[in-house]
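Numbering (my numbering), first residue to last: 57 to 292. To start, the structure itself, in structure tokens.
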Amino acid sequence: MTERQINVDSAEIAKFSALAHKWWDKTSEFKPLHEINPLRLDYIDEFAGIHGKSFLDVGCGGGILSEGLAERGATVTGIDLAEKSLKVAKMHQMESGLAVEYRCIPVEELAESAPESFDVVTCMEMLEHVPEPASVIAACMRLAKPGGWVFFSTLNRNAKAYLLAVIGAEYVLNMLPRGTHDYAKFIKPSELGRMARLSGLDTVDVRGMHYNPLTQIYSLGGDTDVNYLMACRKPL
Ligand code: SAH
57 MTERQINVDS
67 AEIAKFSALA
77 HKWWDKTSEF
87 KPLHEINPLR
97 LDYIDEFAGI
107 HGKSFLDVGC
117 GGGILSEGLA
127 ERGATVTGID
137 LAEKSLKVAK
147 MHQMESGLAV
157 EYRCIPVEEL
167 AESAPESFDV
177 VTCMEMLEHV
187 PEPASVIAAC
197 MRLAKPGGWV
207 FFSTLNRNAK
217 AYLLAVIGAE
227 YVLNMLPRGT
237 HDYAKFIKPS
247 ELGRMARLSG
257 LDTVDVRGMH
267 YNPLTQIYSL
277 GGDTDVNYLM
287 ACRKPL
């Protein structure tokens, strides 16, 4: 695959690279990812079971989810296109002692060379940062074994999501740097479900992730208006 064909926005990679040294600082811009981590791990566990399974974590960044999965007994490969983040991830696992194999490779390329290799594929908070999410979804589908699971999480696209995820998080609460999220790239659950279905996946569950700014607590539930997770299964 040539540089031109890679499904990546280099400005997005530069944005994450600039923050890479902060991945494991739980008070930093990555605080929300640390806080939602136990919730999403429980969600994945509920459907796919984590212990003993082989996982591919697409857009793994500094390895917050990858390490969480390894801690719960999975064999994990993490891929990302930000070299700096992968370096931080590799350094951190030396400290934590959790073994994750990190690789800098486009998901589409891995899908060509190693199709049907993983029990579970996770792609969290990443689709809203790529030019062609459908291509990532199709590659995730190819990488899962028949009967395997694919999990996505992203941001819904509506006025409430714009107000809370962009204006609220970036301008009012200053939880995230301004420009972290581009509203136009947010994806409605119906759109994600459609892309998943077109790739050949069955949607099994959609769950909302809700942040209460007063208590500063995240919870999972039926409200998919802003952040949400989707559990999909590849037919046998
Ligand atoms: N999935 C992690 C990190 C989310 S942040 C978590 O939820 O904890 C989004 C990540 O997607 C960043 O690490 C960024 O480098 C990565 N990313 C953006 N575009 C990508 C692409 N085209 N291919 C792979 N990773 C990408």
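Think of the CB as a built atom: it goes at the ideal place given N, C-alpha and C, for glycine as much as any other residue. Quick caveat: nothing in here was measured; it's all calculated off a predicted structure.
Could you tell me which of the options sits nearest to residue i, measuring between CA atoms?
i	options	result
LEU95	THR271, LYS290, TYR267	TYR267
ALA49	LYS87, ALA155, LYS146	Since the first and last residues shown for the chain are 57 and 292, residue 49 lies out of range.
VAL64	CYS160, GLU168, GLY235, MET147	CYS160
TYR239	GLY249, TYR227, PRO233, ALA217	ALA217
GLY277	ARG263, PHE111, LEU254	ARG263
GLU151	ILE223, TRP80, PHE103	TRP80
ALA74	ARG198, PRO269, GLU139, GLY153	GLU139
GLY108	VAL176, ILE62, ALA76	VAL176
GLU247	ILE92, ILE193, GLY204	ILE193
HIS237	ARG250, MET182, PHE208	MET182
LEU270	TYR99, LYS143, GLU102, LEU229	LEU229
ASP101	MET197, GLY129, HIS77	GLY129
TYR158	SER275, GLU184, ILE120, ALA190	ILE120
Grab me the residues of residue i's own chain with a C-beta within less than 6 Å of its C-beta, minus the 5 sequence neighbours each way, in chain order.
i	result
CYS288	VAL206, ALA252, LEU257, THR259
SER122	ASP113, CYS116, VAL132, GLY134, VAL156
ALA195	VAL163, GLU164, ALA167
May I ask you to report which of helix, strand or coil DSSP gives residue i?
i	result
PRO202	strand
VAL156	strand
SER209	strand
MET265	strand
LEU219	helix
GLY193	Correcting the residue identity first, residue 193 is Ile in this sequence and not Gly. Helix.
ALA138	coil
MET150	helix
LEU232	coil
TRP285	Residue identity differs from the one stated: residue 285 is Leu in this sequence, not Trp. It is a strand residue.
Grab the span of the alpha helix (DSSP H) containing residue i for me, first residue to last.
i	result
ARG253	245-255
ASP101	87-104
ILE120	120-127
SER73	66-75
ALA167	163-169
Leaving out five residues on either side along the sequence, give the residues of the same chain with a beta carbon under 8 Å from the beta carbon of residue i.
i	result
ASN4	Summary: the structure shown does not reach residue 4, with the chain confined to residues 57 through 292, and so no result is reported for it.
GLU59	Confidence at GLU59 is low in this model, with a pLDDT of 48, below 50, so the placement of that residue is unreliable and no value is reported for it.
Whose C-beta lies closer than 7 Å to the C-beta of residue i among residues of the same chain, with five residues either side of it excluded?
i	result
PRO88	MET231
ASN214	ASP281
PHE174	SER110, PHE111, LEU112, LEU199, ALA200, LYS201, GLY204
GLY124	ASN93, LEU97
Counting along the chain, where does the beta strand (DSSP E) carrying residue i start and finish?
i	result
VAL114	110-114
VAL132	131-135
PHE174	174-180
LEU276	273-277
ALA225	Note, ALA225: premise wrong, no beta strand (DSSP E); not H, not E.
At least three beta-carbon pairs within less than 8 Å, the region 137-154 to the region 166-173: Short answer: they don't touch.
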